[in-house]
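Input: a single structure, listed below in structure tokens.
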Amino acid sequence: MGLSRNRTAPSRAKIKALETTLGFSFKDPSILRLALVHRSYCNENGIDPAECYERLEFLGDAVLELAVSTELYTRFPDADEGELTKTRSSLVRRETLANIARRIDLGSYLFVGKGVEITHGREQDSVLSAAFEALIAAIYIDQGNEFTRQLILQLIDVELAQAQQSGGPPENPKSQLQEMVQGQGMNPPVYQLASSTGPDHDPIFTVEVLVNGQVVGTGTGGKKSDAEGAAARAAYAALSGSV
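First residue of the sequence shown: 9, per the numbering used here; consecutive thereafter.
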């Protein structure tokens with residue numbers, strides 16, 4: 009691929025260490041290398057953007073969804089389509105994938121540009137989740153579907169166990185809040201954007217939720233929907249007297 013070595017690029021030994029963490033060696037090491045290249049590295053080194061992990065990210069998203077969907081279908085035989093969809097969304101969302109990526113220290117292996125390095129981009133949810141999806145695609149291409157499915161289940165085992173321990177899919181915090189306030193005769197919750205900070209590629213949204221005109225919860229997230237969910241959880245806890 010013509011990638012030059014610099015202080016931001018992982019050494020061959022560290023790439024080998026990632027293979028050790030994953031428990032296997034790639035038949036084609038170049039596909040693993042491709043999965044670790046962030047677009048910023050290409051931009052700063054005059055490399056074709058096609059040599060970054062974004063196409064792999066696209067494929068990895070689909071591979072993850074299929075593996076998780078199949079597992080949930082088997083693991084929760086009594087759950088309906090809506091419940092299965094909510095559980096899958098919680099397992100393949102940005103924050104969950106970023107946490108899994110942190111467990112295998114994926115950020116330390118990435119090829120990133122100096123700008124991303126300076127702003128600690130290796131640890132940003134958006135970077136880690138995308139790189140994890142790319143890594144899954146690289147494994148799928150190199151090792152095939154069944155091997156990749158088993159590895160995904162191994163990597164996401166903690167989250168799957170949590171879902172099973174709770175007896176099924178997690179509750180939607182916005183639905184929970186709405187049911188509670190309406191049950192108490194109050195007006196439905198209103199969500200409003202309080203602020204938006206950070207770069208365009210990795211924004212942080214802060215949302216407030218109001219009930220009867222009063223702010224009862226605040227939440228932040230990389231997407232407005234995540235911030236609204238966090239605000240709803242905070243409001244539910246406050247109104248139910250659990251904080």
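All residues carry an ideal CB built from backbone N, CA and C; glycine is no exception. No experiment lies behind these values; they were computed from the predicted model shown.
If the five residues before and after Glu52 are omitted, its C-beta is found closer than 6 Å to the C-beta atoms of Gly121, all from its own chain and listed in chain order. Secondary-structure assignment with DSSP links Glu216 through a beta bridge to Gln200 and Thr226.
Residue state for Phe155 is assigned as helix, using DSSP reduced to three classes.
In its chain, beyond the 5 residues on either side, Pro57, Glu59 and Cys60 have a beta carbon closer than 6 Å to the beta carbon of Cys50. Boundaries of the alpha helix (DSSP H) around Gln184: Pro181 to Gly191.
Distances from the alpha-carbon of Arg41 to those of Tyr81, Thr104 and Ala146 put Ala146 closest.
The residue among Val100, Ser116, Thr228 and His209 with its C-alpha nearest the C-alpha of Tyr199 is Thr228. Contact between His46 and Leu118 holds: CB atoms are separated by about 6 Å, below the 8 Å threshold. At the C-beta level, Ala240 and Val223 stay beyond 8 Å of one another. Selection Arg63, Ser98 and Arg111 evaluated against Leu163 yields Arg111 as nearest (Cα-Cα). Residue burial is scored here from C-beta neighbours: Arg102 has at least 16 other C-beta atoms within 10 angstroms and is therefore classed as buried. It is roughly 16 Å from the alpha-carbon of Glu236 to the alpha-carbon of Val189. Judged by beta-carbon spacing, Leu105 lies within the 8 Å limit of Glu141, meaning their Cβ atoms are closer than that value. The alpha-carbon separation between Gly115 and Ile23 amounts to approximately 12 Å.
Gly68 and Asn153 have their C-alpha atoms spaced approximately 11 Å apart. Approximately 6 Å separates the beta-carbon atoms of Val215 and Leu201; this is inside 8 Å, confirming the contact. Around the CB of Gly206, fewer than 16 other CB atoms lie within 10 Å, so the residue is classed as exposed. The residue among Thr82, Ile212 and Leu136 with its C-alpha nearest the C-alpha of Asp113 is Leu136. Using a Cβ distance threshold of 8 Å, Val76 and Val100 count as a contacting pair.
Straight across, the Cα-Cα distance linking Phe32 with Ala109 is about 17 Å. Measuring C-alpha to C-alpha distances from Thr29 to each of Gly193, Leu159 and Glu79 identifies Leu159 as the nearest. Taking the Cβ atoms as the reference, Pro211 lies roughly 36 Å from Gly193, outside the contact range of under 8 Å. DSSP, reduced to helix, strand and coil, places Thr205 within a strand of the structure shown. Inclusion of Thr95 and Leu80 in the CB contact set at 8 Å is warranted, their separation being smaller than that value. Secondary structure at Val45: strand, using DSSP grouped into helix, strand and coil.
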